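Here's the structure we're looking at; comments come further down.
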Amino acid sequence: MKKLLFVVVSLLTMIALVACNKDSEHKQMKHDMANMDHNDSSKEKQQVAVQTDWKFEHYPQANTTNQLTITIKDNKGKPISEFEVNHEKKMHLIVASKDLSKYQHIHPAYKGKGVFTVPVTFTQGGSFQLIADFVPKGQSDTVQMHTVSVRGNTPPPVSLTPDKKLVKTVNGNQVSLKIDSQLKANQETMLNFYFEDAQTKQPIQDLQPYLGAVGHVVILNQDATKYLHVHPMDERVKGSNAMFHTTFPSPGVYKVWGEFQRSNKVFIVPFVVEVSK
């Protein structure tokens, strides 16, 4: 009888231990998944099967405003009619010169039936890369690129050289970019932007939301063929530090534009970095 009782108690103990272990594993899995979602604040955009038509009202000319029409269609040529609002806009359009010395982030207006329009002014002649970033309803983030040749005065290309010091002053704001580790391709990296008043050197605490977040970061590689649009870890922070997670897809030189707002004025801070293998 005692032996039977001992066996029963042992079995009950084993069952309890297994249940505890399973519960612990379940909680750990939930914790790991939560961390995975939290850390997945930025990623290179995934394209879906779409067709994009780009049409200017007139042949692009430097220092002349020109109406651009962008039409988004599915892979069968039918206009896509519905788009998600992504950070307050249905489309983000990046306009960058091939040497990355000129940069604009503008927002085409949606006219329905897959048609977006926006006035564009190129400040010089030469080759420009247009990058449309949008989300068809129910689908993933989509990026479409188009290269355009602009007539007019074309200055010599500006050499893209990595910054020796990652500190810039724009509109009275001193911005420092600090990176938590050496930049390596295909390795998650934290980009830390620190803000100080350029005159007082005091930390800035009054950043304003821009497009629904404390800021945005756009990254292009040297030939403007690899594009990253990164959103902050904490979208509600007001200063003096904004953190962005990203992963550079390949080695090389990249230009990073941080976009922020203070005193109702948007300011853009550019940095050039080099990513190793």
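Residues -19 to -1, 1 to 258 (mature numbering (1 follows the signal peptide of the UniProt record, and there is no 0)) are what the sequence shown spells out, left to right.
C-beta: ideal position from N, C-alpha, C; glycine also.
Since this is a predicted model, take the numbers as computed values, not measurements.
CB of residue i within 9 Å of CB of residue j, strictly
i           : j    : result
S62         : K94  : yes
L172        : V237 : yes
V254        : Y235 : yes
V195        : D215 : yes
residue 321 : T46  : Here the chain comprises residues numbered -19 to 258, so residue 321 is not present and cannot be evaluated.
I75         : P117 : no
V151        : F252 : no
F103        : P60  : no
Residue i versus the options, residue with shortest Cα-Cα distance
i           : options                   : result
H127        : T45, D161 and K207        : K207
I112        : A77, N134 and T135        : A77
residue 272 : Y175, K182 and T181       : Since the displayed the chain opens at -19 and closes at 258, residue 272 lies outside it and no answer follows.
G119        : V139, V156, I75 and N67   : N67
K165        : P41, Q85, T52 and S257    : S257
M72         : T123, K79 and V31         : T123
T135        : Q105, K149 and V156       : Q105
A43         : F115, A223, V129 and L158 : V129
K92         : F64, Q163, S162 and A223  : F64
Q203        : K182, Q85, P41 and G233   : G233
L192        : F225, T50, H86 and Q186   : H86
Q242        : D34, V156 and K182        : V156
residue 323 : H88, Y84 and D80          : Past the boundaries of the shown model lies residue 323; the chain is included only from -19 to 258, so the question cannot be answered.
Classification of residue i by the beta-carbon crowding that lies within 10 angstroms, buried from 16 upward
i    : result
R132 : exposed
I160 : exposed
H210 : buried
G107 : buried
A30  : exposed
H39  : exposed
Distance between residue j and residue i (C-alpha atoms, nearest Å)
i           : j    : result
residue 264 : S244 : Past the edges of the chain, shown from -19 to 258, lies residue 264, and the structure says nothing about it.
Q9          : F229 : The pLDDT assigned to Q9 is 33, lower than 50, so where the model puts this residue is not dependable, and the model offers no usable value.
A205        : P190 : 28 Å
N167        : S231 : 7 Å
N154        : N56  : 46 Å
S82         : P138 : 8 Å
K246        : Q110 : 26 Å
Q48         : E240 : 25 Å
A90         : H212 : 22 Å
V99         : T170 : 34 Å
P184        : S221 : 6 Å
F115        : G58  : 18 Å
A223        : L158 : 10 Å
Q32         : Q180 : 49 Å
K70         : S162 : 33 Å
K79         : Q125 : 16 Å
S121        : D34  : 20 Å
Q186        : Y84  : 27 Å
R217        : H226 : 16 Å
K182        : K149 : 13 Å
Can at least three beta-carbon pairs, one atom from the segment 145 to 153 and one from the segment 183 to 202, be found at a separation below 8 Å?
Contact between the segment 145 to 153 and the segment 183 to 202 is absent, because fewer than three Cβ pairs lie under 8 Å.
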